Every structure is written in C-alpha cells, then in structure tokens.
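Everything in the sequence shown is counted per the numbering used here, starting at 188 for the first residue and increasing by one. In this text, a Cβ means the ideal position worked out from N, Cα and C, and glycines have one as well. All of these numbers come straight from a predicted model, not from anything done at the bench. In what follows, a single structure is set out as structure tokens and then discussed.
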Amino acid sequence: QAPTVAVTAKKLASVNSVCSCGCGRFQGMHTRGDKELLEFLTEEIATEKKNQKMKVPPTTFEGFDVKYDGAEVVLSKKFNDEEIKISYTVKHTVDSEVPEELNPNAEQPEGGEMKSKPEFEVDIIKDGKTIGFTCNYVQQNTEEGEAGDVFAIDEVTFYEGEWKDSNYAVAGDILDGYLYDLFMNMLEERGISNEFVDKLSDCSTGFEHKMYISLL
Numbered sequence: 188q189a190p191t192v193a194v195t196a197k198k199l200a201s202v203n204s205v206c207s208c209g210c211g212r213f214q215g216m217h218t219r220g221d222k223e224l225l226e227f228l229t230e231e232i233a234t235e236k237k238n239q240k241m242k243v244p245p246t247t248f249e250g251f252d253v254k255y256d257g258a259e260v261v262l263s264k265k266f267n268d269e270e271i272k273i274s275y276t277v278k279h280t281v282d283s284e285v286p287e288e289l290n291p292n293a294e295q296p297e298g299g300e301m302k303s304k305p306e307f308e309v310d311i312i313k314d315g316k317t318i319g320f321t322c323n324y325v326q327q328n329t330e331e332g333e334a335g336d337v338f339a340i341d342e343v344t345f346y347e348g349e350w351k352d353s354n355y356a357v358a359g360d361i362l363d364g365y366l367y368d369l370f371m372n373m374l375e376e377r378g379i380s381n382e383f384v385d386k387l388s389d390c391s392t393g394f395e396h397k398m399y400i401s402l403l
C-alpha cells in the first residue's frame, strides 16, 4: 500500500502548490474583486433559494403540455381538430408591480412584487393553416374601479405552412373594434382567458426566478 500512499501525497502536494497567491478557501479566486464577488453570490444564492417558489417547472399547465428549451417555453394542446400553441421566453420579462396602496408618509416608495409578464405568441393551427396572435400584458389602472383585460392583441397574422418573415401581419390597435372583440372571444373559447393569462404570469415568474438562480 506504500506506493498508493506516496502517489496520493504527491497529488495533494501538487494541488496545494498550484496556487501560491494565498487565496486559501477561495481556491482560484486570485483577485480581491473575485473573492468579493464569490462572497456576494454565495449569500445571494442562499437568499434567493429561500424565496424560491418553483423547485421543478410544471410539465402541464391549465390543460396544456409544457416544454422548455433554455429560457423558452412552449405550451400546446388539442382543441377539437385544432392544435393550440403558446410560446414565449422569460428573458427580459421581469418588472416590479406598482403597489395598490402607496404610503404618502414613506421617504421612499415601496417597490412592488417582481413579476414576469412576457410577450407571448398564440398559434391556432388547422389543416396546415395558422392564425397567429402576438399578445402582451397591459398595465392595470386600479383607480378606474372596474378591471379591464389582463392582456391585449398586438398583432394578427394568417399563413399556410411554415412561418416566413415575408408573411403579412396587422397591428391589433388598427383592427375594427368588433373584429378585435371577436378575436379575443376566439382566444377565450380556446382557454386563453384573462384568468389563464394571469396564472401564466405566476408560472412564468416562478420559472424565470429558477433560471435566475441557475445563472447565479
């Protein structure tokens, strides 16, 4: 067994002699800035994990199957003879919500909860033809009393086969008002309602937070 002990001792000596800058437990952290960054990230990760709500991303959501590819999410389901797809990315989607009640005596206004509200695409596919909607969350004005729609249609397109950049699309805000309402009804009948989109934000928030912790 002596040769084995000797080899092990040599390996340990080799590891200990790799760095002579005195970094100690911060092995490989050669600058003061590196060490401070490591200390901060260690504390930040611990704090974020305490607040983490989503440990494992769901594979189903409100009747949709869910698939993940990095920061991108695709939900899909069958509706009669149609295929419904919802796709979005959680990158650059987080902002703080404005608190419903502000304290006028506070020296600095309190920040609201961080929420992910991504732009999302809804594709309704039937017989090789697709009607696609680009949708976004809208700012809720609680002062007006009655709550409006949680989301709005930004763009509508229709095409056959695969999507091409040359396909025509029309902005939602120039659509005839009645046609716009009919499109919103079409989405609601397929499960994409205000309630669904509100829950989607909660799910997106949890997944984005998980991705943020992984980045740290």
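Asked	Found
Can you tell me where the alpha helix (DSSP H) holding S401 begins and where it ends?	N381 to L402
Which residues in the same chain as N354 place their Cβ atom closer than 6 Å to its Cβ, once the five residues preceding and following it in sequence are excluded?	T344 and Y346
Grab the span of the beta strand (DSSP E) containing N372 for me, first residue to last.	No beta strand (DSSP E) holds N372; the alpha helix (DSSP H) holding it covers G364 to E376.
Could you pull out every residue in the same chain whose Cβ sits closer than 6 Å to the Cβ of I312, ignoring the five residues on either side in sequence?	E270
Among E395, E375 and T317, whose alpha-carbon lies nearest the alpha-carbon of K351?	T317
Answer yes or no: do G250 and G348 have a C-beta to C-beta separation smaller than 8 Å?	no
What's the gap between the Cα of K397 and the Cα of T280?	14 Å
For the candidate residues L402, T392 and V357, whose alpha-carbon lies nearest to that of E300?	T392
Leaving aside the five residues before and after K386 along the sequence, list all residues of the same chain whose C-beta is less than 7 Å from its C-beta, in chain order.	E249
With DSSP run on the structure shown, which of helix, strand or coil describes E269?	strand
Find out if the Cβ-Cβ distance for the pair Y275, P245 is shorter than 8 Å.	no
Do G359 and D341 have their C-beta atoms within less than 8 Å of each other?	yes
Bridge partners of A339, per DSSP?	N323
Can you say whether F338 is buried or exposed, counting buried as having 16 or more other CB atoms within 10 angstroms of its CB?	buried
Comparing C-alpha positions only, which one of S263, A258 and L369 sits nearest to S303?	A258
Which two residues bound the contiguous beta strand (DSSP E) that contains A358?	A356 to A358
Roughly how many angstroms lie between the CA atoms of V178 and E223, to the nearest whole one?	Outside the shown range of the chain (188 to 403) lies residue 178, about which nothing can therefore be said.
Please state whether DSSP places I232 in a helix, a strand or coil.	helix
Considering only DSSP beta bridges, list what F345 is partnered with.	I318
Tell me whether D310 is buried or exposed, calling it buried when 16 or more other Cβ atoms sit within 10 Å of its Cβ.	buried
Leaving out the 5 sequence neighbours to the left and right, which residues in its chain are closer than 7 Å to D268 when beta-carbon positions are compared?	K313
Counting along the chain, where does the beta strand (DSSP E) carrying K254 start and finish?	F251 to D256
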